[in-house]
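Counting from 1, position 136 in the sequence shown corresponds to residue 135 in numbering that gives the first Met the number 0; the numbering is continuous, with no gaps. Heads up: the structure comes next, in structure tokens.
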Amino acid sequence: MTTELTHYINGKHVKGTSGRFADVYNPATGEVQAKTPLATVEELNQAVADAAKAQKEWAAVNPQKRARIFMEYVRLINRDMDKLAEAISREHGKTLPDARGDVQRGMEVIEFCIGAPHLLKGEFSDSASTGIDIHSSRQPLGVVAGITPFNFPAMIPMWKMGPALAAGNAVIIKPSERDPSCPLMLAELWTEAGLPDGVCQVVNGDKEAVDAILDNDTIQAVGFVGSTPIAQYIYGRACTNGKRAQCFGGAKNHMIIMPDADMDQAADALIGAGFGAAGERCMAISVAVPVGEETADKLIEKLIPRVEALKVGPYTSENDVDYGPVVTAQAKERILGLVQSGVDQGAELVVDGRNFNLQGYEDGFFVGPHLFDKVTPDMDIYKEEIFGPVLCTVRAGNYEEALKLASDHEMGNGTAIFTRDGDTARDFASRVNVGMVGINFPIPVPLAHYTFGGWKKSGFGDLNQFGPDAFKFYTKTKTVTSRWPSGIKEGGEFHFKLAD
Ligand code: NAD
């Protein structure tokens, strides 16, 4: 049976009125299990108008009281952890431990936001000039929007909801139409935690809803996460319309393996970072760069049996599986098309997952694991983000060549180096032209009190996601300069004179 999903508006689940829907698949079986309503411009604008009214009262609630709602929210997320994870796995396909990680990393940002009263404090200069004081305060923007991708349906909506709400804004979330159930559940939990109705609205939709967000004059800021071409488009249109925008795009994360690295540790790290969640992570390592032929030969020898041993299956499998299906049939087709291009362009496919077939799940969107060796920078599998279980190896002659590869790629989300040499690690961290760096650590997603953001075509706009940056992004600074007459007691009376 196909379930008709809803929007979540003014504290309630609301049916769509457009008559347009997107299919939500069970990626393990290929069946359509639900339909996401696709909002009209009018539905979106009404949700924004209601949010604008609700925001005024929310902004008047003091930050400490708001923080108590966040504390309750964290309790509810923990209570419903398994339900949320199941909803994610059912629509996305990732394993349950991965789905729990998705919820956990989002929740950590909510926990960080409990400290919002501190982050919202302004500055004060006593006697900045004679008799003059200056202070600044951070005020909410009003209504803001978050447009989120399919691959982290809990974490990224929470990255958008948390700081925006804690700063006193109302937020419109437009989740991916592929897996919107978890974001809807997250909105419902806000209501249960005590958030006033209308302050967090989930409006489902496609390009029509996104364009309506970008053109809506009430919306003051847009936070986007998704693929690079859409990030660039949204950034351009949001800025033209006078909004604040931060738009995070795709990735092509390189891991450099120096000759002195612990090769087993490096190979294990590549398996987790390259194939976890079927490679559908913006911080996945998709390019291994061993330095020197000998390192490359050793690494490939260690990787082949590990890649061949990967267990692929549905999240419901009794046996532990390493990763599940990819999200849609189109995603599968695109990945296999890129694999074919790699073969055609001369890369060596040393583990070939093309004929992978899972008995009983023949119509599922499973993709077997692939390992390429001798990939070169001119090949499409190197230039493009594959976003699947495909690891490419580019052999570098020396350290400088490896550093240049990671630095010159047009994407700059994350990167890592595996070495036992502190000097090399330090040099790499300092010089590489990429936003997030791991040293003997393959997926360097910063914790909630730092910030997350890629460089180059992985991120457009100013400031990063979550952490202190997010509080700057979701507030505007007001600066007040004040001069008060000073009172001078003369003959028992107060006389006032203005300071110089
Ligand atoms: P996507 O760009 O297809 O979709 C993201 C959002 O944009 C969705 O809400 C979707 O409905 C909307 N959208 C899609 N096409 C649109 C269009 N033509 N006009 C307006 N809106 C449109 O991305 P995805 O496939 O859902 O997610 C995977 C991508 O996200 C990968 O490229 C991955 O690297 C990236 N990602 C980046 C980060 C990061 O922080 N940099 C994090 C997670 C994912």
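Every residue gets a Cβ at the ideal spot worked out from N, C-alpha and C, and that includes glycine.
query	result
Local Cβ density within 10 Å of alanine 169, reported as buried at 16 or more and exposed below that	buried
Check: aspartate 205 C-beta below 7 Å from any heavy atom of ligand 1	yes
Run of the beta strand (DSSP E) containing glycine 145, from where it starts to where it stops	142-146
Spatial neighbours of phenylalanine 151 in its chain, beta-carbon cut-off 7 Å, leaving aside the 5 residues before and after	Asp101
Cβ separation of alanine 469 and proline 62, assumed to be a contact under 8 Å, to the nearest whole Å	That belief does not hold up - the Cβ atoms of alanine 469 and proline 62 are roughly 15 Å apart, past 8 Å.
Beta carbon of glutamine 32 nearer than 8 Å to that of glycine 141	no
Buried or exposed by the 16-neighbour rule on C-beta atoms within 10 Å, applied to glutamate 41	exposed
Buried/exposed call for alanine 0, threshold 16 Cβ in 10 Å	A quick correction: the sequence has methionine, not alanine, at residue 0. Methionine 0 is exposed by the Cβ-count criterion.
CB-CB length for glycine 10 against tyrosine 234, believed under 8 Å	Actually they do not touch by this definition, with Cβ atoms about 32 Å apart.
Simplified DSSP state of threonine 239, which is helix, strand or coil	helix
Euclidean distance between Cα positions of isoleucine 284 and glycine 341	17 Å
Length-filtered (4 minimum) alpha helix (DSSP H) runs lying within the stretch 354-408	379-382 and 398-407
Residue burial classification, tryptophan 57 (beta-carbon count within 10 angstroms, cutoff 16)	buried
Local conformation of glutamate 30 per DSSP, three classes	strand
Cα-Cα separation, proline 116 to isoleucine 109	13 Å
Alpha-carbon spacing of glycine 312 relative to tyrosine 322, whole angstroms	7 Å
Reference valine 393, options Glu292, Ala46 and Ser126, closest by Cα	Glu292
Ligand 1 heavy atom lying under 7 Å from the CB of glutamate 191	no
Aspartate 147: CB within 7 Å of a non-hydrogen atom of ligand 1	Per the sequence presented here, residue 147 reads as threonine, with aspartate not at that position. Threonine 147 Cβ: within cutoff of ligand 1.
contact_flag[the stretch 236-243, the stretch 254-265] where n(CB pairs < 8 Å) is 3 or more	no
Whether valine 442 touches aspartate 372 by CB criterion (8 Å)	A small fix is needed here, since residue 442 is isoleucine in this sequence, not valine. Cβ atoms of isoleucine 442 and aspartate 372: not closer than 8 Å.
Glutamate 317 to alanine 59 span [Cα, whole Å]	51 Å
Near ligand 1: cysteine 281 beta-carbon under 7 Å from a heavy atom	yes
Glycine 29 vs glycine 363 beta-carbon contact at 8 Å	yes
Alpha carbon of glutamate 3 to alpha carbon of lysine 34, nearest angstrom	5 Å
Buried/exposed call for tryptophan 483, threshold 16 Cβ in 10 Å	exposed
Top-ranked residue by Cα proximity to alanine 287, from Lys310, Gly413, Thr217 and Ile172	Gly413
Close-in-space but distant-in-sequence residues of the same chain around glycine 466 (CB under 8 Å, 5 per side omitted)	Phe111, Pro445, Ala447, His448, Tyr449, Thr450 and Phe451
Residues bridged to methionine 254 (per DSSP)	Ala287 and Ala415
Proximity below 8 Å, CB of tyrosine 7 to CB of alanine 208	no
Among Phe440, Tyr473, Ile68 and Val431, nearest to lysine 535 - alpha-carbon criterion	Outside the shown range of the chain (0 to 499) lies residue 535, about which nothing can therefore be said.
Segments of 3+ residues assigned as beta strand (DSSP E) that fall wholly inside the stretch 93-155	123-128, 131-139 and 142-146
Collapsed DSSP secondary structure at alanine 208 in the structure displayed	helix
Buried versus exposed call for proline 388 [16 or more other C-beta atoms within 10 Å across all chains shown]	buried
Among Asp319, Ala308 and Lys159, nearest to valine 350 - alpha-carbon criterion	Ala308
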